[in-house]
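> So the sequence shown is numbered by UniProt numbering: it starts at 1 and just counts up by one. Dropping the structure in here first, questions after.
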Amino acid sequence: MDSVTFTSNEFIELKTLVYQICGINLHEGKLELLKSKVAKRMRLTKMNIHEYLSHLKSNEHEVIEFIDTVTTNHSFFFRENESIEYIVDHFNRNPQKAKKQFKIWCAACSTGDEPYTIAVQLENLGLSYTILATDISHSVLEVAARGIYKNDKIKNVPKPILHKFFQKGVGKYKDHVKIKKKIQQQITFKKFNLISDIMKQTDFDFVLCRNVMIYFDNQTSEKVVNKLYKSISPNNFFAIGNAESLMNMRHKFKAVKGMASLYRK
Ligand SMILES: C[S@@+](CC[C@H](N)C(=O)[O-])C[C@H]1O[C@@H](n2cnc3c(N)ncnc32)[C@H](O)[C@@H]1O
Numbered sequence: 001m002d003s004v005t006f007t008s009n010e011f012i013e014l015k016t017l018v019y020q021i022c023g024i025n026l027h028e029g030k031l032e033l034l035k036s037k038v039a040k041r042m043r044l045t046k047m048n049i050h051e052y053l054s055h056l057k058s059n060e061h062e063v064i065e066f067i068d069t070v071t072t073n074h075s076f077f078f079r080e081n082e083s084i085e086y087i088v089d090h091f092n093r094n095p096q097k098a099k100k101q102f103k104i105w106c107a108a109c110s111t112g113d114e115p116y117t118i119a120v121q122l123e124n125l126g127l128s129y130t131i132l133a134t135d136i137s138h139s140v141l142e143v144a145a146r147g148i149y150k151n152d153k154i155k156n157v158p159k160p161i162l163h164k165f166f167q168k169g170v171g172k173y174k175d176h177v178k179i180k181k182k183i184q185q186q187i188t189f190k191k192f193n194l195i196s197d198i199m200k201q202t203d204f205d206f207v208l209c210r211n212v213m214i215y216f217d218n219q220t221s222e223k224v225v226n227k228l229y230k231s232i233s234p235n236n237f238f239a240i241g242n243a244e245s246l247m248n249m250r251h252k253f254k255a256v257k258g259m260a261s262l263y264r265k
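Structure follows, in structure tokens:
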């Protein structure tokens, strides 16, 4: 079974559920993708379409498994690194840096490539930091916590950083690297749904929410952006993805001059 047939009402039911739980706006163009993903989940859960739809409605975990297959978890090391480089340099110029522990939140961290990218650059300068890395998806967080990556994910990592903070795999892991423990220890991976969870911490120096709002509609993105605003301490920073924009939203961030996807509280 490679695909299933469902009625337009069933498609609307699925779309509404996904939107309510994770904010992702599935459009008609996703119908074929959706059919093949539903077929895959039906195969794994051994249910027919009606059973699967009612199971989905009563089981948030299944919805998350399901949206895992509808969203992309695509990420890689040193992706869109300009804004990260800017912040690392800004932290490094802080006169209090010897005493300060910089607090960072990667709010849709996927498989961990992004938080590790920040960590290795801060570590390389001897700066002190902690990173909270969150995502809605349990499966990507497991990959992130393991810290083992295929070589094609690390193509953009500068050689000196690669040698310093990654171990080469051997045997069946010969095409992989593992991030060193020292780096892993600075990062806490945790499940957090940007739509429904509440962040109590309000003193982050840098919050990133990159390449996830492209799946949200404007109204949902605006809510998320204003929620994240509260988690950042005064004068500190917020990064979005290069393909994203805060242009049509009401928010209080100020754009950082010359940095298209970086904002300041
Ligand atoms: C394309 S990845 C972005 C990874 C990384 N930030 C980057 O730019 O490379 C998008 C991630 O957003 C996560 N996501 C989708 N909806 C979410 C939500 N409501 N709350 C938290 N994370 C969500 C997905 O699970 C996925 O891992």
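No residue lacks a Cβ here, since even glycine has one placed at the ideal position from N, Cα and C. Note that the structure is predicted; figures quoted are calculated from it, not measured.
Give the secondary structure of SER196 by DSSP, where H, G and I count as helix, E and B as strand, and everything else as coil.
In the sequence shown, counting from the first residue as 1, residue 196 sits at position 196. The answer is coil: DSSP assigns SER196 none of H, G, I, E or B.
> So for VAL143, helix, strand or coil by DSSP?
Working through the sequence shown from its first residue, we reach residue 143 at position 143. In this structure, VAL143 counts as helix in the three-state DSSP scheme.
> Between TYR86 and LEU262, which are expected to be in contact by the criterion C-beta below 8 Å, what is the C-beta distance as a whole number of angstroms?
Reading the sequence shown from its first residue, position 86 is the one you call residue 86. Reading the sequence shown from its first residue, position 262 is the one you call residue 262. Confirmed, about 6 Å.
> Could you round the C-beta distance between PHE189 and ALA144 to whole angstroms and report it? I think they count as a contact, below 8 Å.
Along the sequence shown, read from residue 1 onward, the residue named residue 189 stands at position 189. Along the sequence shown, read from residue 1 onward, the residue named residue 144 stands at position 144. Sure, about 5 Å apart at Cβ, within 8 Å.
> Rounded to the nearest angstrom, what separates HIS176 and ARG210 at their Cα positions?
Here residue 176 refers to the residue found at position 176 when the sequence shown is read from its first residue. Here residue 210 refers to the residue found at position 210 when the sequence shown is read from its first residue. Cα to Cα, HIS176 sits roughly 25 Å from ARG210.
> How many angstroms separate the CA atom of ALA119 from the CA atom of ILE183?
Walking along the sequence shown from the start, residue 119 turns up at place 119. Walking along the sequence shown from the start, residue 183 turns up at place 183. Approximately 6 Å, taken between the alpha carbons.
> Going by DSSP, what residues sit across from LYS57 in a beta bridge?
Counted from its first residue, the sequence shown places residue 57 at position 57. In DSSP, LYS57 forms no bridge with anything.
> With H, G and I counted as helix, E and B as strand and the rest as coil, what does DSSP make of PRO95?
The sequence position of residue 95 within the sequence shown is 95, counting from 1. Of the three classes helix, strand and coil, the one that applies to PRO95 here is coil, per DSSP.
> Of the residues PHE6, ASN218, GLY112 and GLU142, which one's Cα is nearest the Cα of LEU34?
Walking along the sequence shown from the start, residue 34 turns up at place 34. Among PHE6, ASN218, GLY112 and GLU142, the Cα nearest to that of LEU34 belongs to PHE6.
> Considering only the alpha carbon of each residue, which of GLU142, ASN124 and LEU194 lies closest to HIS163?
Position 163 of the sequence shown, counting from 1, holds the residue named residue 163. It is ASN124 whose Cα lies nearest to the Cα of HIS163.
> If you follow the alpha helix (DSSP H) that ILE21 is in, where does it begin and where does it stop?
For this step, residue 21 is matched to residue 21 along the sequence shown. From DSSP, the alpha helix (DSSP H) with ILE21 extends over 8-22.
> Please report the distance separating the alpha-carbon of PRO95 from that of GLU114.
The count along the sequence shown starts at 1 and reaches residue 95 at position 95. The count along the sequence shown starts at 1 and reaches residue 114 at position 114. Each residue's alpha carbon lies about 26 Å from the other.
> DSSP three-state label for THR5, please.
For the purposes of this step, residue 5 is taken as residue 5 along the sequence shown, with counting starting at 1. Note: THR5 maps to coil in three-state DSSP.
> For ILE161, which three-state DSSP category applies?
What you label residue 161 is simply residue 161 of the sequence shown in a count that begins at 1. ILE161 falls in the helix class under three-state DSSP.
> Just to check, is the beta-carbon of HIS74 closer than 7 Å to a non-hydrogen atom of ligand 1?
Taking the sequence shown and counting its residues from 1, the one referred to as residue 74 is at position 74. Yes - ligand 1 has a heavy atom lying nearer than 7 Å to the Cβ of HIS74.
> Alpha helix (DSSP H) containing ALA107: first to last residue?
Translated into the one-based positions of the sequence shown, residue 107 becomes position 107. Neither: ALA107 is in no alpha helix (DSSP H) and is coded neither H nor E.
> With DSSP as the reference, please indicate the residues paired to SER128 in a beta bridge.
Within the sequence shown, residue 128 is the residue found at index 128, counting from 1. Its beta-bridge partners are GLN101.
> Identify, in the order they occur along the chain, each residue of the same chain with its Cβ nearer than 8 Å to the Cβ of TYR173, setting aside the five sequence neighbours on each side.
In the sequence shown, the residue the question calls residue 173 occupies position 173. ILE148.
> Find the nearest neighbour of THR16 within the set LEU56, LEU44, ARG43 and MET47, judged by alpha-carbon distance.
To locate residue 16, count along the sequence shown from 1; it is residue 16. Comparing Cα-Cα distances from THR16 to each of LEU56, LEU44, ARG43 and MET47, the minimum goes to LEU56.
> Round the Cβ separation of TYR129 and GLN186 to the nearest angstrom and send it over; I've been treating them as touching at under 8 Å.
One-based indexing of the sequence shown puts residue 129 at position 129. One-based indexing of the sequence shown puts residue 186 at position 186. Sure, about 6 Å apart at Cβ, within 8 Å.
> When you compare the CB positions of SER245 and VAL207, do they come within less than 8 Å of one another, or not?
Here residue 245 refers to the residue found at position 245 of the sequence shown. Here residue 207 refers to the residue found at position 207 of the sequence shown. No. Outside cutoff.
> Would you say PHE192 touches ligand 1, meaning its beta carbon is less than 7 Å from a heavy atom?
In the sequence shown, the residue the question calls residue 192 occupies position 192. PHE192 Cβ: within cutoff of ligand 1.
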